[in-house]
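Trainee: First residue of the sequence shown: 931, per our numbering; consecutive thereafter.
Below are the structure tokens for one structure; questions will follow.
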Amino acid sequence: MVVVNPKFTEELMEFGAEKVMECFNCGNCTAICPVSTNEHLFPRRFVRYIQLGLKDKILDAEEAWLCLACRLCAELCPRDARPSDTMIALKRLSVENGRTPPYIRDFLQNITKQRNPWGIGKFKRDNWIKKADVEIPRVKENPEFEWLWFVGCANSFESRSTEVTVKIAKILNDIGLNFAILGREEGCCGNDARRAGEEGLFELLMEENIKIFEKYGVERIVTHSPHCYNTFKNEYNGYEVKLVLEFIYDAIKKGKLNLKPLDVKVTYHDSCFLGRYNGIYDLPREVLESIPGVELVEMKNNRKLSICCGGGAGNIVGEYPGEIQPARIRAREAAETGAEVLAVACPFCLLMLEDAVKAEGLDDKIVVKDIVELVYESAYE
Ligand code: SF4
Ligand code: SF4
């Protein structure tokens, strides 16, 4: 028997699904959702169940957790019903009711205990420094720092991403940015805990970070991760926030980096948290095009219609069921352009797409690199 519960609709609206009643069931969201291609997640159906107050139909629906919070559906919604916000609201309610699937529970517990999604000991957060060939000042060593470089979880702990981190360190050092890092005192920004519906954990992380920022007089934050960038810029209050790529582009324009030709065809994958969340589409392309010898080609779906890599909202630690996964669709699209490099500007995209390129057997055709790595290659190799 189907139990209709109007209070459920109201609860969801309070949790962020304010626009859910605007939906007139056109189905655009389901048609474009990269997860629905795998016949797993149908956002329209969830939106409709919520409108009707069919609580029992959805609280245990594990496929809801596959939603990446990528906002692609929101781009095509003719009523601005914000289906992706509705999915987050639904997750919030599920978290409150203790209905999280095991991999999301682990993801959230890892952040709670170790302040990173992988659950690696938090004392290892600054271990990447050992691989760097320049001095990386911590806030205590450079109390007059102008910019706090918030390194972020992936760029601190995940081995492939730390290869990018040491290159960022070298570039920031060489272009003369007055920065410092928090080292082991850095926490998790909370962006993805929030997208996985753990609002309480997000607030706790935010409070903790703000306390540390106050302790060291932080006013300006630079970060490479679009996830950290999004939350510091839009959800914390009162900080000037910039991307590492902004400093790099500025340095290139001022001739501070001596770039040699690379002679390579590159396609760029828009990160959801740079593109749809923050409208940053041009900057990564401008950096790429300022490297001599780079020929930039676009994928079929680009800019605001770019397909998510599949790593959002806690899914960076999950396993997608089936072979039709967002990252694999994206890897094929990238290879179809004939590019030799699939450039990214996000550590999650780097991990997801590198795995997808291998899974699709495309690694002899295309290689995934962070834009920073291309700049580094051009400047130093
Ligand atoms: S936010 Fe992305 S993954 Fe979630 S329902 Fe919308 S299109 Fe699908
Ligand atoms: S695209 Fe918007 S209006 Fe259409 S079904 Fe999805 S939420 Fe409803």
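In this text, a Cβ means the ideal position worked out from N, Cα and C, and glycines have one as well.
Keep in mind the model is a prediction, meaning the values are calculated, not measured.
1. If you run the structure through DSSP and keep just helix, strand and coil, what is Phe-1080?
2. With DSSP as the reference, identify every bridge partner of Val-1096, one or two as the case may be.
3. Can you list, in chain order, the residues of its chain with a C-beta nearer than 8 Å to that of Pro-1067? Leave out the 5 residues immediately preceding and following it.
4. Looking at the unbroken beta strand (DSSP E) that takes in Thr-1197, where does it start and where does it end?
5. Between the C-alpha atoms of Asp-1293 and Val-1064, what's the straight-line distance to the nearest angstrom?
6. Express the C-alpha separation of Leu-984 and Met-931 in angstroms, rounding to a whole number.
7. Quick check on DSSP: helix, strand or coil for Phe-1203?
8. Heavy atom of ligand 2 less than 7 Å from the Cβ of Pro-1008, yes or no?
9. Under a Cβ-count criterion, where at least 16 other Cβ atoms within 10 Å of its own Cβ denotes burial, should Ser-1014 be classed as buried or exposed?
10. For Tyr-1146, tell me which candidate among Thr-1042, Leu-1078, Leu-1189 and Asp-1193 has the shortest Cα-Cα distance.
11. Looking at C-beta atoms only, is the number of pairs between the stretch 1197-1206 and the stretch 1268-1275 that lie closer than 8 Å three or more?
12. Is DSSP giving Leu-1235 helix, strand or coil here?
13. I'd like to confirm the pairing. Which residues does DSSP put opposite Leu-996 in its beta bridges?
14. Of the residues Phe-972, Pro-1222 and Phe-1132, which one's Cα is nearest the Cα of Glu-1165?
15. Here's the rule I'm using: 16 or more other beta-carbon atoms within 10 Å means buried, otherwise exposed. How should Glu-1137 be labelled?
16. How is the alpha helix (DSSP H) around Val-977 delimited, first residue to last?
17. Can you say whether Arg-1215 is buried or exposed, counting buried as having 16 or more other CB atoms within 10 angstroms of its CB?
18. DSSP on Thr-1111, reduced to helix/strand/coil?
19. Is it the case that the Cβ atoms of Ile-980 and Thr-939 are separated by a distance below 8 Å?
20. Using only CA atoms, which one of Glu-1263, Cys-953, Leu-971 and Glu-952 lies nearest to Ala-961?
21. In terms of DSSP beta bridges, what is Glu-1225 paired with?
22. Checking 8 Å against the spacing of the C-beta atoms, do Val-965 and Leu-998 come in under that value?
23. List, from N- to C-terminal side, the alpha helix (DSSP H) runs of 4 residues or more that fit wholly inside the stretch 1135-1180.
24. Would Gln-1044 be called buried (16 or more neighbouring beta carbons within 10 Å of its own) or exposed?
25. What residues in its chain sit with their C-beta under 7 Å from that of Ala-1011, if we drop five residues either side in the sequence?
26. Just list the residues that DSSP pairs Lys-1299 with in beta bridges.
27. Comparing alpha-carbon positions, which option in Ala-1264, Ala-1099, Leu-1189 and Glu-1228 lies nearest Trp-1058?
28. Output the distance between the C-alpha atoms of Cys-1158 and Val-1152, rounded to the nearest integer angstrom.
29. Using 7 Å as the cut-off, classify the Cβ of Ala-1257 as near or not near the heavy atoms of ligand 2, replying yes or no.
30. Quick one: is Ser-1308 buried, meaning 16 or more other Cβ sit within 10 Å of its Cβ, or exposed?
31. Pull up the CB-CB distance for His-1154 and Val-1174, whole angstroms please, since I reckon it's below 8 Å.
32. Any chance the CB of Pro-973 is under 7 Å from a heavy atom of ligand 2?
33. Output the distance between the C-alpha atoms of Leu-1187 and Gly-1082, rounded to the nearest integer angstrom.
34. Do Asn-1085 and Gly-1117 have their beta-carbon atoms positioned less than 8 Å apart in this structure?
35. Ends of the alpha helix (DSSP H) at Cys-877?
36. Cβ atoms of Gln-1255 and Gly-1244: under 8 Å apart, would you say?
Mentor: Well, looking at it:
1. As a position in the sequence shown, residue 1080 is number 150, starting the count at 1. It is a strand residue.
2. Sequence index remark: in the sequence shown, residue 1096 carries index 166 (1-based). Val-1096 pairs with nothing; no bridge assigned.
3. Sequence index remark: in the sequence shown, residue 1067 carries index 137 (1-based). Hits under 8 Å: Phe-1075, Phe-1109, Ala-1110 and Ile-1111.
4. The count along the sequence shown starts at 1 and reaches residue 1197 at position 267. Residues 1194-1198.
5. Translated into the one-based positions of the sequence shown, residue 1293 becomes position 363. Translated into the one-based positions of the sequence shown, residue 1064 becomes position 134. For Asp-1293 and Val-1064, the distance between alpha carbons rounds to 32 Å.
6. For the purposes of this step, residue 931 is taken as residue 1 along the sequence shown, with counting starting at 1. For the purposes of this step, residue 984 is taken as residue 54 along the sequence shown, with counting starting at 1. Note that Met-931 scores a pLDDT of 48, beneath 50, so its modelled location is shaky and nothing firm can be said.
7. Along the sequence shown, one-based indexing puts residue 1203 at 273. If DSSP states are grouped into helix, strand and coil, Phe-1203 belongs with coil.
8. What you label residue 1008 is simply residue 78 of the sequence shown in a count that begins at 1. Within the cutoff, so yes.
9. Residue 1014 sits at position 84 when you count from the first residue of the sequence shown. Buried.
10. Numbered from its first residue, the sequence shown carries residue 1146 at position 216. Residue Leu-1078 is the option with its Cα nearest to Tyr-1146.
11. yes
12. Along the sequence shown, one-based indexing puts residue 1235 at 305. Under the three-state reduction of DSSP output, Leu-1235 falls in the helix class.
13. Position 66 of the sequence shown holds residue 996. According to DSSP, Leu-996 bridges with nothing at all.
14. Against the sequence shown, residue 1165 aligns to sequence position 235. Ranking Phe-972, Pro-1222 and Phe-1132 by Cα distance to Glu-1165 puts Phe-1132 first.
15. On the sequence shown, position 207 is the one that residue 1137 refers to. Exposed is the call here.
16. Position 47 of the sequence shown, counting from 1, holds the residue named residue 977. Note, Val-977: alpha helix (DSSP H), 973-982.
17. Here residue 1215 corresponds to residue number 285 of the sequence shown, with the count starting at 1. Residue burial annotation: Arg-1215 is buried, with at least 16 other C-beta atoms found within 10 angstroms of its C-beta.
18. Walking along the sequence shown from the start, residue 1111 turns up at place 181. Checking the displayed sequence, the identity of residue 1111 turns out to be Ile instead of Thr. Correct three-state label for Ile-1111: strand.
19. Position 50 of the sequence shown, counted from the start, is the residue given in the question as residue 980. Position 9 of the sequence shown, counted from the start, is the residue given in the question as residue 939. Ile-980 places its beta carbon less than 8 Å from that of Thr-939.
20. As a working note, residue 961 is residue 31 in the sequence shown. Measuring C-alpha to C-alpha distances from Ala-961 to each of Glu-1263, Cys-953, Leu-971 and Glu-952 identifies Leu-971 as the nearest.
21. What you label residue 1225 is simply residue 295 of the sequence shown in a count that begins at 1. Answer by DSSP bridge pairing, in chain order: Lys-1195.
22. As a first step, residue 965 is located in the sequence shown; it is residue number 35 there, counting from the start. As a first step, residue 998 is located in the sequence shown; it is residue number 68 there, counting from the start. Contact flag set, yes.
23. 1156-1164
24. For the purposes of this step, residue 1044 is identified with residue 114 of the sequence shown, where counting begins at 1. It counts as buried.
25. Counting from one through the sequence shown, the residue named residue 1011 turns up at place 81. Here the set comprises Lys-949, Val-950, Glu-952, Cys-953 and Val-977.
26. Counted from its first residue, the sequence shown places residue 1299 at position 369. Per DSSP, Ala-1273.
27. Here residue 1058 refers to the residue found at position 128 when the sequence shown is read from its first residue. When each option's Cα is compared against that of Trp-1058, the closest is Ala-1099.
28. Sequence index remark: in the sequence shown, residue 1158 carries index 228 (1-based). Sequence index remark: in the sequence shown, residue 1152 carries index 222 (1-based). Their backbone Cα atoms lie some 9 Å apart in a straight line.
29. By one-based count along the sequence shown, residue 1257 stands at place 327. Result no, Cβ not under 7 Å from ligand 2.
30. Position 378 of the sequence shown, counting from 1, holds the residue named residue 1308. With 16 or more Cβ atoms within 10 Å of its Cβ, Ser-1308 is classed as buried.
31. As a first step, residue 1154 is located in the sequence shown; it is residue number 224 there, counting from the start. As a first step, residue 1174 is located in the sequence shown; it is residue number 244 there, counting from the start. Right, the Cβ-Cβ distance comes to about 4 Å (below 8 Å), so this counts as a contact.
32. Position 43 of the sequence shown, counted from the first residue, corresponds to residue 973. Yes - ligand 2 has a heavy atom lying nearer than 7 Å to the Cβ of Pro-973.
33. What you label residue 1187 is simply residue 257 of the sequence shown in a count that begins at 1. What you label residue 1082 is simply residue 152 of the sequence shown in a count that begins at 1. Cα to Cα, the separation comes out at about 25 Å.
34. Against the sequence shown, residue 1117 aligns to sequence position 187. Against the sequence shown, residue 1085 aligns to sequence position 155. Contact flag unset, no.
35. Within the shown structure, residues of the chain are numbered from 931 to 1311, placing residue 877 beyond reach of any answer.
36. By one-based count along the sequence shown, residue 1244 stands at place 314. By one-based count along the sequence shown, residue 1255 stands at place 325. No, these two residues do not count as a Cβ contact at 8 Å.
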